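Visitor:
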Amino acid sequence: MRYIFTQEDEKFRQELRDWIRNEIPVNFEKWHGVNEAGEDFEYGLKIRRKLAKKGWLTMAWPKEYGGQGASYMKQVIFNEEMSYHRMPGRDGFGAKMLGPTLMVHGTEEQKKRFLPPIANGEVQWCQGYSEPDSGSDLASLKLKVEDKKDHWLVNGTKVWTSMAHKATWIFFLGRTDPVAPKHKGISFFVANIEDSGIEVQPIINMVNEHYFNQVIFNNVKIPKDSLIGELNRGWYIAATLLDFERSGVEYPSSAKRNFEEIIQFVKKNKNSSGVPLIQDPYINKTLVDLDLDIEAARLIAYEVAYLQSQGEIPSIEGSVAKILGTTLTQKIAKIGTDFSGLYGQLTDSSAPFDGKYLKQQLHVTAFTIFAGTTEIQKNIIATRGLGLPREDKLTLKK
Amino acid sequence: MDLGLSEIQKMLQQSSREFLEENCSMQFIRAMESDPVGVTDELWKNFAELGWLGLMIPEQYGGSGFEYQDMSILLEEMGRVGLSGPFFSTSIIAVQTILSAGNETQKSELLPKIASGDLKFSLSFFEKSGNIYPSEIQTTTARKQDEGWIINGEKSFVTDAASSDYFIVAAKTMDSKEKGISLFLIPRDNEGVEITEMKSVGGEKLSKVNFQEIKIDDSQLLSDENLSWNVLSKVFQVGASGKSSEMAGAATKILEITIDYVMNREQFNRPIGSFQAVQHQCADMAIMSKLCTQFARKSAWYLSNQEKNALEVHRSKAYVSKSFHDICQISHQLHGAIGYTWDYNLQVYTRKMQHQKLAFGDYNYHHKKISELLNLI
Ligand SMILES: Cc1cc2nc3c(=O)[nH]c(=O)nc-3n(C[C@H](O)[C@H](O)[C@H](O)COP(=O)(O)OP(=O)(O)OC[C@H]3O[C@@H](n4cnc5c(N)ncnc54)[C@H](O)[C@@H]3O)c2cc1C
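If you're matching them up, the sequences are chains U and Z in order.
Using our numbering, read the first sequence as starting at 1 and increasing by one per residue.
Using our numbering, read the second sequence as starting at 1 and increasing by one per residue.
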């Protein structure tokens, strides 16, 4: 047992922190992050390229692919500090998801072509999985991909595709065998959005921002070498990929920063009788509960990384981390607005934190939905983790 | 960051699980609830031979020389089978107190006898209000004489009083609050000691102990005169972490009992464990149980390795006390009426939980402490 980081890890944390503080264009106290999917996309890319130069963008990658083969704990620290400091620039789709998938399933040619631009922070990818009729039941997806000898012909619609409007490339799942059992007729592809004539239509979210999209494939032709891995094995290829997505230390880490900000706020501000808000027993209790929630989410995220470092594949721990982390972000955003009193409904600068928590509260509504909803995570814990029978696989006794 | 167990801890976990499963069946645990001591002589001897009684005692004093973090793994296993009894009072609380407060003579006289199973101890701190603050000590005083001391007072919630050979008594020696507390060693059979049982729900042996004009000599002063609060607060930290570990071990067991039950109980022609409403409650239990273990282990590790460890202990006892209660409640819900019966073993854990979650500070107490340490007040 050892519940603290090594000195070497802490040295890295300090180096990273110094670098980040230097990059933040304003005083850290006033820094609320940027909108990477919108007006600040270019700024995010600029930081991404700097991270690439530092070797941090793909530090998780093996050395043979230009990475550092960094330990899982070092990756945790990287994510912790970036999230805590609200830094843009990380590359969830390219560096964290597609890159590692290509390393396992791509041909030499595909690796040579796609990995370096990701490693250099030069390209934005997006992920086309969900469809209008296939969300949690992703394996039911219908997007049709036909083998036309010298190319693939793609027809269908993807939806909720984050960042597609900023991306040059998309990786996606399509149905290549319409009669096989649903998991066994899916393949994994990549495509250049503009060159292939894929149509991206904006969907405005409830924060009134353009973050995700509808992506339409209308008789889209893509080259034969767009297939990644074996034909009809796409579901399993995607499953390896999902394991990279679910350690979740970023949730408690960004929550921690918000927590500190909220504490400063309730210490500084008083109610109309002149009593500091922090002396309100309800507020006090809420904050301690929040401390425990942050600690819980952090512990489980560390456990995920620890298991990975031992060469084990976290299953229930990954789901627990996703549930706890995302629920935590919702709690803290709600508290941020609750403590603002009537000002909690304002979006202008007279609101505490410039109305940031209100916006955040709308934002985090999505967190328990994307990347596997809370309910799906609980299904996974119960069936895969605890071995309970799956309802859909049940044969009823007479 | 290394969230796994060391080789030694793994061995301790495995060997203690085997021993306890074989020797502390539910039938035995239930029998011990009405036993005045809560443990048999034979089992106590076994504990001594296994090196458990002196697990935390350095080798120079006849112990096994392990650290508290290792003990916490044994406590998980004891919690798993539902074992209470004098082990906690003697081998954790008393050992920790004597190690931090005793002088060389006291250590070399008392600790080997704890390790060998010849002496049992009990800490008498609480009085009527049952609060874990220095101000708790209202009635118990120690008057200095030309030679020795005279002790008077009434203690409550004393664990394992009837089976102890010695009490470690916290008494007021001066008026000021924290500095005025000293610890004294008083033999149970001393004239003027009167023990009255306090009936507890989970087989925990709790008593009131009255001390009347007890004359003792200077050698029975355990701690540096008047500086005992430092010692006690450290001891209470270990106690709080230890109860967290017990509850974490019990939580894991309850999850297993529950999964086993919902897989086998059938309604509507299928195992109830196939209903999603049931599955999600199992998932909630699994999440909380995992965290109980992590919080408890983290606090144990901090106690053994870090100077600043209070915050982690408070977090642990606050989280585990609250969540373990929830785990018991959900488990009962998923069992239906059978879990509500005296014969079904689940309820044994639930009754014991009522003690564990309150001992060494309840959820509210630790909550307040976190608030203090985070400077929220
Ligand atoms: C902000 C945001 C960004 C996204 N980005 C992307 C992206 O880039 N690429 C992409 O492919 N997708 C993306 N998604 C889509 C996301 O993966 C899906 O929203 C998610 O998988 C849920 O699918 P759904 O929305 O169709 O909901 P549904 O699956 O219809 O679920 C609706 C409700 O039913 C519950 N439910 C469904 N099935 C079960 C079950 N078996 N047991 C219990 N409850 C069940 C769900 O938990 C949920 O509460 C994004 C979503 C959001 C909100």
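Cβ atoms here follow ideal geometry from the backbone N, Cα and C, with glycine treated the same way.
Nothing here was measured: the structure is a model prediction, and the numbers come from that model.
Quick check on Asn269 of chain Z - is its C-beta less than 7 Å from some C-beta in chain U?
Guide: Chain U contact via Cβ: present.
Visitor: Under DSSP, the beta strand (DSSP E) around Val179 of chain U begins and ends at which residues?
Guide: Run containing Val179 of chain U: none; DSSP gives neither H nor E here.
Visitor: I'd like to know whether the C-beta of Ile330 of chain Z is nearer than 7 Å to at least one C-beta of chain U.
Guide: By this cut-off, Ile330 of chain Z is not an interface position.
Visitor: Check whether the Cβ of Ile193 of chain U sits closer than 6 Å to any heavy atom of ligand 1, and report yes or no.
Guide: Because no heavy atom of ligand 1 lies under 6 Å away, the Cβ of Ile193 of chain U does not count as near it: no.
Visitor: Which stretch, first to last residue, makes up the alpha helix (DSSP H) that contains Thr101 of chain U?
Guide: Segment Gly99 to His105, the alpha helix (DSSP H) holding Thr101 of chain U.
Visitor: Could you check whether the Cβ of Ile186 of chain U sits closer than 6 Å to any heavy atom belonging to ligand 1?
Guide: It does not: the Cβ of Ile186 of chain U is nowhere closer than 6 Å to a heavy atom of ligand 1.
Visitor: Rounded to whole angstroms, what's the CA-CA distance from Lys290 of chain Z to Trp61 of chain U? Just pull it up for me.
Guide: Approximately 30 Å between the Cα atoms of the pair.
Visitor: By alpha-carbon positions, which one of U:Glu194, U:Glu131, U:Ser196 and U:Gln127 ends up nearest to Ser162 of chain U?
Guide: Selected option, being the one with the closest Cα: U:Gln127.
Visitor: Measuring only the C-alpha atoms, how far is Met1 of chain Z from Gln310 of chain U?
Guide: Spanning the two alpha carbons is a distance of roughly 12 Å.
Visitor: To the nearest angstrom, report how far apart Glu154 of chain Z and Glu213 of chain Z are at their CA atoms.
Guide: Taking the straight line joining both Cα atoms gives about 11 Å.
Visitor: Taking the beta carbon of Thr293 of chain Z as the centre, do at least 16 other beta carbons fall within 10 Å, making it buried, or is it exposed?
Guide: That one is buried.
Visitor: What do you reckon, is the C-beta of Ile204 of chain U under 6 Å from a heavy atom of ligand 2?
Guide: With respect to small molecules bound, the structure shown includes ligand 1 and not ligand 2.
Visitor: Any C-beta of chain Z sitting closer than 7 Å to the C-beta of Pro389 of chain U?
Guide: Yes, because at least one Cβ of chain Z sits closer than 7 Å to the Cβ of Pro389 of chain U.
Visitor: For Ala171 of chain Z, list the residues DSSP reports as bridge partners.
Guide: Beta-bridge pairing links Ala171 of chain Z to Z:Ser182.
Visitor: Between which two residues does the beta strand (DSSP E) holding Ala191 of chain U run?
Guide: Unbroken beta strand (DSSP E) run through Ala191 of chain U: Ile186 to Asn192.
Visitor: On the premise that Ser84 of chain Z lies in contact with Gly203 of chain Z, defined as a C-beta separation below 8 Å, what is that separation, rounded to the nearest angstrom?
Guide: 6 Å between Cβ atoms; contact.
Visitor: In the DSSP output, which residue or residues are listed as bridge partners for Pro276 of chain U?
Guide: Answer by DSSP bridge pairing, in chain order: U:Lys270.
Visitor: In angstroms with no decimal places, state the Cα-to-Cα distance between Tyr306 of chain U and Asp9 of chain U.
Guide: Distance between the alpha carbons of Tyr306 of chain U and Asp9 of chain U: 14 Å.
Visitor: Straight-line CA distance for Gly248 of chain U to Thr196 of chain Z?
Guide: C-alpha separation (whole angstroms): 53 Å.
Visitor: Express the C-alpha separation of Ile216 of chain Z and Lys234 of chain Z in angstroms, rounding to a whole number.
Guide: Roughly 26 Å between the two C-alpha positions.
Visitor: In the segment 334-393 of chain U, which residue ranges form an unbroken alpha helix (DSSP H) of at least 4 residues, counting only runs that do not cross its ends?
Guide: Counting whole runs of 4 or more residues, the segment 334-393 of chain U contains the alpha helix (DSSP H) stretches 356-363 and 374-380.
Visitor: With DSSP as the reference, label Ala161 of chain Z as helix, strand or coil.
Guide: Ala161 of chain Z: coil per DSSP, three-state reduction.
Visitor: Which term fits Pro314 of chain U, buried or exposed, when burial requires 16 or more other beta carbons within 10 angstroms of its beta carbon?
Guide: Buried, because 16 or more other Cβ atoms sit within 10 Å of the Cβ of Pro314 of chain U.
Visitor: Please identify the residue among Z:Ala248, Z:Leu111, Z:Leu311 and Z:Cys282 whose C-alpha is closest to the C-alpha of Leu262 of chain Z.
Guide: The sequence shown places Val at residue 262 of chain Z, not Leu. Comparing Cα positions, the closest option is Z:Cys282.
Visitor: Classify Met392 of chain Z: buried if its beta carbon has 16 or more other beta carbons within 10 angstroms, exposed otherwise.
Guide: Only positions 1 to 377 of chain Z appear in this structure, which leaves residue 392 of chain Z out of reach.
Visitor: For a test of the three-state rule: what should DSSP assign to Ser223 of chain Z, helix, strand or coil?
Guide: Looking at Ser223 of chain Z - three-state DSSP - the assignment turns out to be coil, as it is neither helix nor strand.
Visitor: Mind checking whether the beta-carbon of Ile369 of chain U lies closer than 6 Å to any heavy atom of ligand 1?
Guide: Within the cutoff, so yes.
Visitor: Run through DSSP, which three-state label would Cys24 of chain Z get?
Guide: Coil.
Visitor: State the Cα-Cα distance for the pair Lys128 of chain Z and Val34 of chain U, rounded to the nearest angstrom.
Guide: Cα to Cα, the separation comes out at about 58 Å.
Visitor: State the Cα-Cα distance for the pair Ser108 of chain Z and Ile98 of chain Z, rounded to the nearest angstrom.
Guide: Spanning the two alpha carbons is a distance of roughly 10 Å.
Visitor: Is the segment 319-338 of chain U touching the segment 91-98 of chain U, taking contact as three or more C-beta pairs under 8 Å?
Guide: No, the segment 319-338 of chain U is not in contact with the segment 91-98 of chain U.
Visitor: Which bits of chain Z does Phe5 of chain U rub up against, with CB to CB less than 7 Å?
Guide: Under the 7 Å cutoff, chain Z gives Met1.
Visitor: Just verifying my parser: in three-state terms, what is the DSSP assignment at Met78 of chain Z?
Guide: Of the three classes helix, strand and coil, the one that applies to Met78 of chain Z here is helix, per DSSP.
Visitor: Using 10 angstroms around the beta-carbon of Phe339 of chain U, count the other beta-carbons present and answer buried if the total reaches 16, otherwise exposed.
Guide: Buried, since its Cβ has 16 or more Cβ neighbours within 10 Å.
Visitor: Helix, strand or coil: which one does DSSP assign to Ile377 of chain Z?
Guide: DSSP places Ile377 of chain Z in coil when its eight states are reduced to three.
Visitor: Go ahead and pull the three-state DSSP assignment for Val200 of chain U.
Guide: Strand.
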